[in-house]
Structure formats: C-alpha cells, structure tokens
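Encoded as structure tokens, the structure appears first; notes follow it.
There are 2 protein chains.
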Amino acid sequence: MKGFSLSRAACWAGSPLGFLAPGSPSPLLSHRAKAAGRMAENGLREKILTLESMNPCVKRVEYAVRGPIVVRALELEKELQQGIKKPFTEVIRANIGDAHAMGQKPISFLRQVVALCLCPELLSSPIFPDDAKKKAQRILQACNGNSLGAYSASTGIDLIRQDVARYIERRDGGIGSDPANVFLSTGASDAIVVNYYLDEEHNWALDVGELRRALNHARGYCQPKVLCIINPGNPTGQVQSRQCIEDVIRFAMEEGLFLMADEVYQDNVYAEGSQFHSFKKVLMEMGPPYSQQQELASFHSASKGFMGECGFRGGYVEVVNMDPDVKQQLAKLVSVRLCPPVPGQALLDVVVSPPQPGDPSYQQFQGEKQAVLKALAEKAQLTERIFNQAPGIRCNPVQGAMYSFPRISLPARALERAQELGQAPDMFFCMRLLEETGICVVPGSGFGQKEGTYHFRMTILPPLDKLLTLLEKLTQFHAKFTQEFS
Amino acid sequence: MKGFSLSRAACWAGSPLGFLAPGSPSPLLSHRAKAAGRMAENGLREKILTLESMNPCVKRVEYAVRGPIVVRALELEKELQQGIKKPFTEVIRANIGDAHAMGQKPISFLRQVVALCLCPELLSSPIFPDDAKKKAQRILQACNGNSLGAYSASTGIDLIRQDVARYIERRDGGIGSDPANVFLSTGASDAIVVNYYLDEEHNWALDVGELRRALNHARGYCQPKVLCIINPGNPTGQVQSRQCIEDVIRFAMEEGLFLMADEVYQDNVYAEGSQFHSFKKVLMEMGPPYSQQQELASFHSASKGFMGECGFRGGYVEVVNMDPDVKQQLAKLVSVRLCPPVPGQALLDVVVSPPQPGDPSYQQFQGEKQAVLKALAEKAQLTERIFNQAPGIRCNPVQGAMYSFPRISLPARALERAQELGQAPDMFFCMRLLEETGICVVPGSGFGQKEGTYHFRMTILPPLDKLLTLLEKLTQFHAKFTQEFS
C-alpha cells in the first residue's frame with residue numbers, strides 16, 4: 000500500500016504552479032551534487048527547495064494588485080498602530096475592488112440565508128423573514144447530509160447550477176443555458192501572456208486592428224490560443240458596445256481563438272447610454288457559424304456587483320461550444336480540488352435567485368441593492384469630475400466596474416529619479432503618494448500601458464466623504480510632486 | 000492600456016494545470032494548420048481546445064476518490080429518484096471522508112460563531128451564548144471592514160494565523176511556532192509522483208529500507224525532492240510511532256528530501272496505545288542538525304477531526320526551516336488567488352481556539368466533540384471485527400483517521416473477467432458491489448497496492464446502524480461474488 004509519495008518539486012496546497020512540468024528543462028539535476036559539495040565545506044546543508052530549484056514560471060509570476068505597494072501599505076498600518084508618527088492618520092486602501100473593506104454593508108438577505116443554512120435552529124426563531132427561511136431550507140435540502148459542512152459535487156451543488164443557468168437565461172433574454180455547462184468555482188482567474196492596448200483617446204475602446212497587431216506580434220514567439228476580455232473593464236471602467244463585442248467575436252472566430260469573458264462587473268454599469276451585453280447573448284444572436292462553433296467561457300462571481308462578497312470566494316463559469324472531451328477533463332481537474340467552498344455556493348445561489356415581488360424581503364433587498372449601485376454611480380461621476388479639474392491628470396468616464404484609471408503627467412526629473420531607483424515612473428509616484436498621504440493605489444505599469452504614458456488604478460469604493468478627501472489629497476499631491484520635480 | 004490578453008492555452012478558474020509550461024514540448028504548433036485544413040474540407044471548424052492541444056499533464060491526472068465509481072454512484076442515485084427499480088433503495092457513500100454527508104451533526108459552537116460573524120445583528124439577540132458572541136466579535140474586528148465579505152490578506156487573517164500558531168504550540172508541548180510560518184489555505188493537497196508500499200503484515204508500518212528502494216528506483220527517471228507522508232494514515236488508518244517518524248526524518252535528511260506531512264487526521268486517533276506525534280515536534284526534539292535544517296511543511300484542516308466541516312474549505316500549512324526566498328515566492332503565489340475563503344478561516348479559528356473551562360459553551364462543546372470521537376472509535380472497532388470474521392477478508396486495526404483498507408481475496412475467474420473488461424480486479428469488484436448493493440467504496444488500485452493484492456477503502460463514517468447493515472451486506476456480497484467466480 001502506498002503510504003506516501005515522492006515528488007519532483009514542491010506543490011503547495013492547491014498550487015500546482017510549483018511543479019516542474021515533465022518536459023521542462025530541469026535546473027535540479029546538477030543541484031544535489033552542488034549542494035552536497037557546499038555541505039562538506041561549511042557543515043551546513045543547503046536548502047532543498049531554493050530559488051534555483053524552483054519552477055522558473057513561479058518566479059515570473061507578478062500580481063500588481065497585491066504587489067510591493069500593498070506590502071508597504073500593510074507595513075505603514077502596523078507602524079501607525081505602534082504609534083509611529085506619519086503625515087497621515089490612516090492608510091486608505093483604494094488598490095483593490097473590495098467593497099466591504101471600504102465600509103459597504105452586506106445585503107441583509109444574502110447573509111440571513113447563509114446564517115440560516117449554518118444554524119438550522121434559527122429556522123424556528125422569528126428573527127429572520129420567512130422567504131429567507133424557505134430559501135435556506137431549499138439550499139440545505141440540496142446539500143449532502145443537509146449540511147454546508149459536507150463536500151458538494153466538484154462542479155458545485157446541482158440545484159445551484161440549475162439556478163445559475165436560469166439566471167443566465169433571464170439575463171440573456173431567454174437564450175438557453177444548460178446547467179451541465181455551468182461549473183461553480185472558488186473565484187475567477189485568467190491567463191495573461193500577451194498584452195494589447197486599448198484606445199485611451201476613444202474611452203478605452205477595443206480596436207480589432209490593434210488586436211490583430213498584437214496577435215501577429217505574439218505569433219513570432221508563441222502560439223496564442225485564448226483571448227481574454229474583461230467587460231465592464233478592469234482597470235479602465237469602460238463598458239463595451241454591442242458592436243465592439245461582435246467585432247471581437249468575429250476576430251476570435253477568424254483567428255481560431257478560444258474566448259474567455261470575465262464578466263464579474265455585469266451589475267456595475269453606471270453611465271447613461273451604457274448597457275451590459277453578455278458575450279454569450281451576442282454570440283448566440285449572431286447565429287451560425289458563430290453561435291455553433293465559437294468556444295467561450297464566461298465568468299461571474301459574488302465578489303463584485305452590488306453584493307461585494309469577496310471573502311466568500313463564490314463564482315461560476317459557463318462554457319459554450321466546448322469540446323465534450325475537454326469538458327470532461329475540466330470536470331476531472333476540478334474534482335482534485337474536491338469542491339468550491341459551500342458557504343460561497345449558498346451565497347451565490349441567493350445572488351442568482353433573489354427575492355421576487357411579493358416576497359417579504361423584496362422591498363428591503365431591492366432598497367439595499369439600489370442604494371449600493373446608486374452610491375457607486377455617484378462616486379464614479381465625482382471621481383471623473385475632480386480628476387479632470389486637476390492640471391496634469393486626465394480621467395475617462397467610469398462607465399462601469401469599480402475603478403478609475405486616470406492618466407498622469409510626470410515631469411522629466413521624476414522620470415530620471417525613478418530610473419535611478421530602478422522603478423517604473425508611476426510606481427515611483429504611487430510609492431511617494433503612499434508614504435506622504437497614506438493613499439494606496441496601483442501603478443498603471445502593473446497592468447500594462449502604452450510606452451511613455453503613466454496611470455494608476457484607483458477604486459471608487461471608499462465612502463463618499465472619504466473618497467472626496469482622497470481625491471483632494473491625491474490631486475494636491477500630484478501638483479506638489481510636479482512642482483518638486485520641475 | 001492592456002484591456003485583455005492572449006494566452007497560449009486555456010487556464011480554467013484557478014487551475015494553472017491547464018497551461019503548457021514554456022519549456023514543454025508543444026503539440027500546438029502544427030495544430031492550427033491542420034485545423035484549417037479540416038475546416039476547408041467540411042465547412043466546420045475543429046475545436047480550438049481539444050484533447051490533442053491540451054497539456055498532457057492534465058490528461059494524466061487521476062483521482063480515485065472521485066473517479067468512475069463515484070460517477071456511477073451519482074447516476075444510480077438519479078435513477079433511484081426517477082423510480083427505476085434497483086436491488087437496493089439507497090446508495091451508501093462510504094467512498095469519501097465526508098462526515099456531515101453521513102449524518103454527523105455539526106459542532107454547535109463552530110456554527111454559532113460563524114453565523115454571528117455573518118449576521119452581526121444576532122449579537123444583540125439572546126439566541127446564542129456569550130462566549131460565541133465574544134469570539135465572533137474578536138474575529139470580525141480582525142476582518143477588513145469588520146466583514147467576512149472582505150478579502151483577507153492572501154496568507155490569511157493575521158489574528159487567525161496567531162491563533163493557529165498558539166494551537167500548534169499547545170499541541171507540541173510548548174515548542175515555538177511563528178505565525179509568519181503559518182499560511183491559511185483553501186485545503187490541503189499533495190504532489191504524487193513515485194509510489195512506495197507500506198507493510199501490511201506489520202499493520203501498514205513504514206519501513207525505511209523500502210523507502211530507499213523506492214527512492215533509488217525513482218532516481219532512474221526523475222529527481223525526487225519531496226517526501227509526502229499522511230499520518231494518521233489515509234487510506235490505511237495506521238498511526239505512526241514516534242520511532243517511525245524519527246526514522247523518516249533521518250532518511251529525508253540523509254537523502255535531501257523536503258518533508259510534507261499531511262496531518263489532517265491528528266484528532267482522529269482511536270486505538271489504545273496509539274498516540275499522534277506531529278512531525279514538527281519530533282523534528283524539534285531530535286535537535287541539531289535536524290531541527291535547524293530539515294525542511295518541513297505540515298498540513299491541517301477543518302474538514303476531518305471531530306468537526307468534519309469539509310464544505311468550508313478551511314485549512315493551514317506551517318512551514319519549518321524553509322528558505323526565506325522560497326517562502327516569499329510562496330506568499331506571492333498565494334496572493335494570485337487573493338485569499339482563502341473567509342468563512343472557512345473564521346471556522347478554523349474556532350477549531351484552534353475552542354471554549355475553555357468556565358466558558359458558557361465549554362460543557363456542550365466538549366460533550367459534542369467527545370461524542371463524535373467516541374462514536375468513531377466504536378465504529379473503527381466494529382469495522383475491524385466484522386471484516387475479520389468474514390472468510391477472504393482481512394482488515395488491520397483502524398488505529399486512526401476515518402478509513403479501513405481491508406484486503407480481499409478474489410477468485411481466479413474474477414481476475415480473468417476483470418482483464419477481459421480492461422478493469423483492475425478490485426475496480427471490477429467495487430463496481431459490481433455498487434450495482435448490486437448500492438454500497439460505494441474506492442478500489443485499492445486507485446491508491447497503489449502491492450502487485451497481486453486487492454483492497455478497497457471504506458470510510459467508517461455512516462451512522463452505527465447503517466454501518467452495521469453496510470458491513471453485513473458487503474461481507475455477504477463478497478461471499479456470493481467468490482462463489483459466483485469459483
């Protein structure tokens with residue numbers, strides 16, 4: 000009986016990135032001999048897992064949203080707690096789309112249902128409304144052992160996959176969705192290799208000519224297979240037109256690219272005249288050959304929208320026109336992870352099947368939801384207005400999602416100073432901003448931007464009064480910074 | 000601005016396995032030309048993502064616990080629901096360590112605390128005890144925005160990492176644990192490449208001679224770096240002696256292997272004279288050079304033990320003597336996943352810092368915990384006794400964890416029949432068992448077993464009366480099966 004196993008490189012909990020792939024060049028082979036030599040020299044053995052013996056892919060991974068700026072922000076918070084004097088009294092984290100961290104209150108109904116699922120003894124208490132109880136009972140009946148503590152199927156609880164499929168059908172005006180194509184997930188991520196630039200002059204529009212340029216460039220050194228789109232856009236906040244989506248689908252079809260649509264901001268559309276169109280709906284309405292052949296995966300989650308429940312890690316992906324063999328491999332692969340977190344699945348179920356008119360919780364649910372979306376729309380406009388009043392800052396309208404991506408001018412001496420420090424110029428700006436004001440935003444260089452332009456991504460999530468202060472401090476800092484380096 | 004990206008192969012939500020590693024041989028390069036040719040022939044384009052264009056590593060992944068037996072069990076459940084007649088009225092899932100699915104009730108205090116965190120308005124209701132409220136308030140204060148819906152730090156909530164470190168210190172008799180070495184996680188997985196056999200004749204003992212044989216064999220075709228141990232053992236249910244753990248540590252040190260200890264069953268020890276020893280404690284007590292140099296990662300979770308909360312996906316890993324650069328890479332890597340599910344972190348916190356004597360919930364908590372562990376101990380003994388009364392079945396004592404791994408004799412004609420079907424003999428047995436009795440267990444071939452021996456893994460989790468029925472039906476079926484093929 001196999002009681003343990005030996006493996007070629009470390010794989011941390013759920014993180015197969017740590018593997019050296021079987022076909023990849025192995026820096027390990029000569030490693031042990033070298034290590035043994037060093038051990039003999041100083042009596043101390045070298046570590047087994049070292050940077051040199053690690054899969055080089057791991058070292059190349061970068062994630063701007065939780066990068067050095069955020070590490071420093073955490074340090075500053077600790078220093079403030081220790082009583083160290085700073086030119087500010089708190090760190091304002093505008094770096095990540097984390098609504099609750101910024102004070103947004105949870106939607107009551109969502110939490111009531113999950114709490115009832117956790118403690119079914121609450122079902123007999125008058126503390127929660129009847130429709131929350133019914134919803135909780137329905138979810139518990141679909142759980143193994145009627146408990147959120149049991150594993151679900153790897154692809155998620157069947158009933159919830161059905162509810163998601165019905166939600167997609169309603170969203171897309173009746174176009175069919177098969178629950179068998181819906182996989183519940185722990186979140187939504189994507190694969191980033193080749194970069195493309197949006198057109199800032201046309202409000203971050205997507206242009207197929209530029210798509211083609213990037214693809215042809217990429218084909219010089221790899222074989223691109225997947226095109227990832229985020230709509231509404233992160234970090235740029237644009238909402239794509241129906242025409243633009245059609246163009247992208249045609250391009251993907253012509254070029255033989257699998258489409259991945261990150262649509263987690265589908266409820267976050269603020270600008271008048273802007274409307275969310277799902278890739279699935281547009282694809283289906285384009286008819287054959289597109290609707291029958293173009294492969295697509297569309298992602299959604301409970302982390303954004305009006306609910307902002309990032310901590311639950313609840314999401315789903317719907318696959319369209321996927322090769323059945325590949326779908327089977329996908330199902331096998333997710334089974335290794337056992338199942339997505341069940342409290343997150345339960346919460347997602349409430350998101351996709353909310354209270355209906357006439358239900359006891361309908362009014363309150365709608366009231367809370369609309370209040371969140373209205374406040375976000377106001378903050379989107381405020382952000383655009385204040386930034387565009389400041390010399391040297393230019394900000395496109397925040398049509399959707401929860402970010403602004405303003406362009407900043409930086410004086411030549413600041414660019415020189417950044418180069419001396421080995422930093423991207425907007426990283427230099429953002430780091431200084433953080434140290435002097437406590438405001439934490441992400442440099443545009445972390446997302447990719449046209450050569451010679453500089454940006455930062457800032458969420459519009461802080462409460463209105465705090466956002467106003469933030470915008471004022473930020474524009475003042477930019478003016479001071481410009482003067483200092485001019 | 001980069002609005003999307005092109006990637007070389009599909010990566011499904013959080014599943015980087017789907018990538019083709021940069022250095023690996025690419026079956027894609029000739030793929031598009033071929034596809035274009037076929038498209039011209041029949042007017043239909045070939046799929047972009049196909050089995051041929053997929054990373055071959057993905058195809059090689061196998062996971063017995065959710066393999067074909069479980070797929071068939073789910074189908075049978077659906078057929079029963081549709082009223083199709085079967086020789087049984089329900090499927091009994093003894094394939095997976097999922098306590099709640101088998102009717103185990105959650106520990107009240109764990110659920111109360113998480114429900115209070117979800118709905119802080121319950122804090123002012125008399126419905127839950129005061130210590131649960133205090134615990135919930137303490138957790139919420141440590142959450143961003145005081146909400147379970149906010150992202151936590153990627154490595155987990157600081158306060159909970161501290162609580163875990165203190166738990167480890169208590170468990171290990173005061174040996175220090177640094178919260179900076181504790182990473183909260185979504186579960187615990189391991190990397191399986193090379194197999195080794197435990198000694199069934201000596202109650203699944205680990206033997207260093209056999210370890211060395213397997214290692215030398217593996218070195219013929221790869222460079223093993225990691226040794227994974229599960230203690231208490233899954234699927235074999237053995238609890239390793241302190242001496243055995245010392246031997247393994249010495250072996251790892253001599254051979255330059257990183258140790259991964261899956262210790263999720265550390266609370267599940269039943270046999271008299273058996274005791275859980277953590278690898279960390281033994282390593283530290285062995286003193287230098289082991290305690291200063293041997294690298295170790297130890298995993299634990301809220302899924303097993305007395306709590307059985309699999310659905311929450313709450314766990315942690317403690318790393319010991321890890322290269323600081325590698326630890327930094329690990330921290331970076333987990334940040335891409337944003338954070339482990341926060342409800343699972345909260346639940347884990349209660350597991351590692353339970354009610355203390357004098358707290359209002361102490362008696363009830365201890366009562367519920369001990370009742371679960373006592374029932375498991377009884378079921379472990381019952382399972383061993385009944386199996387060993389049956390001719391042709393032999394079962395080692397279930398010292399710990401939640402599985403028995405009995406060895407079964409299979410008649411020669413059954414082996415022939417299995418070969419005709421292209422199935423492993425114990426897969427053939429288990430599939431027939433499922434079809435005729437509704438009992439779902441996992442064939443030993445899915446875990447690795449000595450050539451010419453046959454086993455299955457069965458959990459001891461069903462309620463006592465159901466377990467008794469299951470054991471009787473299973474031994475009867477084995478007798479009938481033996482007769483049929485003799």
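Protein sequences, first through last, are from chains A and B. With numbering that gives the first Met the number 0 applied, the first sequence covers 0 to 485. With numbering that gives the first Met the number 0 applied, the second sequence covers 0 to 485. Idealized CB from N, CA, C, for every residue including glycine. Quick caveat, the model's predicted, so the values are computed rather than measured.
Exposure label - residue i; buried when at least 16 CB within 10 Å
| i | result |
| --- | --- |
| D464(A) | exposed |
| N54(A) | buried |
| R241(B) | exposed |
| R110(A) | buried |
| T88(B) | exposed |
| A411(A) | exposed |
| G155(A) | buried |
| R160(A) | buried |
| Q327(A) | exposed |
| L420(B) | exposed |
| I83(B) | exposed |
| G208(B) | exposed |
| G366(B) | exposed |
| E485(A) | Rather than Glu, the amino acid found at residue 485(A) in this sequence is Ser. Burial call: exposed. |
| E74(B) | exposed |
Heavy atom of the ligand ATP within 8 Å of residue i beta-carbon
| i | result |
| --- | --- |
| F446(B) | As presented, the structure is devoid of all ligands, the ligand ATP included, so that no description of it is given. |
CB contact check: residue i to chain A, cutoff 9 Å
| i | result |
| --- | --- |
| N143(B) | yes |
| C338(B) | yes |
| S297(B) | no |
| Q482(B) | no |
| C439(B) | no |
| Y150(B) | yes |
| M306(B) | yes |
| S403(B) | no |
| K134(B) | no |
| G343(B) | yes |
| R121(B) | Going by the sequence as given, residue 121(B) is Leu instead of Arg. Taking Cβ atoms only, chain A reaches closer than 9 Å to L121(B), which makes this a yes. |
| T185(B) | yes |
| L5(B) | Low confidence applies here, because L5(B) scores a pLDDT of 38, under 50, leaving its location unreliable and the question unanswered by this model. |
8 Å Cβ cut-off: residues of chain A touching residue i
| i | result |
| --- | --- |
| M90(B) | The sequence shown places Val at residue 90(B), not Met. Those within 8 Å of V90(B) in chain A number zero; the least Cβ separation is about 11 Å. |
| E294(B) | K46, I47, L48 |
Of the residues the options, the one placed nearest residue i, counting alpha carbons only
| i | options | result |
| --- | --- | --- |
| P86(A) | F484(A), F476(A), A204(A) | F476(A) |
| E271(B) | G399(B), F484(B), K280(B), E45(B) | G399(B) |
| V441(B) | K449(B), A423(B), G451(B) | A423(B) |
| W203(B) | T235(B), E209(B), A179(B) | T235(B) |
| E200(B) | T452(B), D322(B), S52(B), G102(B) | T452(B) |
| F427(B) | R416(B), G437(B), K279(B) | R416(B) |
| A152(A) | K373(B), Y150(B), V70(B) | V70(B) |
| M430(B) | C394(B), F480(B), E383(B) | F480(B) |
Any chain B beta carbon closer than 9 Å to residue i
| i | result |
| --- | --- |
| K33(A) | Reliability of the predicted coordinates at K33(A) is poor, the pLDDT of 44 falling under 50, and no value is obtained from them. |
| K465(A) | no |
| K368(A) | no |
| D97(A) | yes |
| T382(A) | no |
| P390(A) | no |
Closer than 7 Å at the beta carbon, the chain A residues around residue i
| i | result |
| --- | --- |
| G286(B) | Within chain A, no residue comes near G286(B); the closest Cβ sits about 15 Å away, beyond 7 Å. |
| V113(B) | L117 |
| S124(B) | I126 |
| R110(B) | L117, C118 |
| P105(B) | S146, G148 |
Proximal residues of chain B, C-beta to C-beta of residue i below 8 Å
| i | result |
| --- | --- |
| M101(A) | G144 |
| S52(A) | K224 |
| K58(A) | Q328 |
Neighbour list for residue i in chain B, Cβ cutoff strictly below 7 Å
| i | result |
| --- | --- |
| L147(A) | G310 |
Chain-ordered neighbours of residue i on chain A, where CB pairs are closer than 9 Å
| i | result |
| --- | --- |
| P462(B) | Per Cβ cutoff of 9 Å: no residues; P462(B) is ~11 Å from chain A at best. |
Under 8 Å (Cβ pairs) to chain B, residues found in the stretch 315–327 of chain A: With the criterion set as a beta carbon lying under 8 Å from some beta carbon of chain B, the members of the stretch 315–327 of chain A are V316, N320, M321, D322, D324, V325, in sequence order.
Residues in the stretch 392–422 of chain B having any Cβ partner in chain A nearer than 7 Å: F404
Chain B contacts from the stretch 442–454 of chain A (Cβ-Cβ distance under 9 Å): G443, F446, G447, Q448, K449, T452, H454
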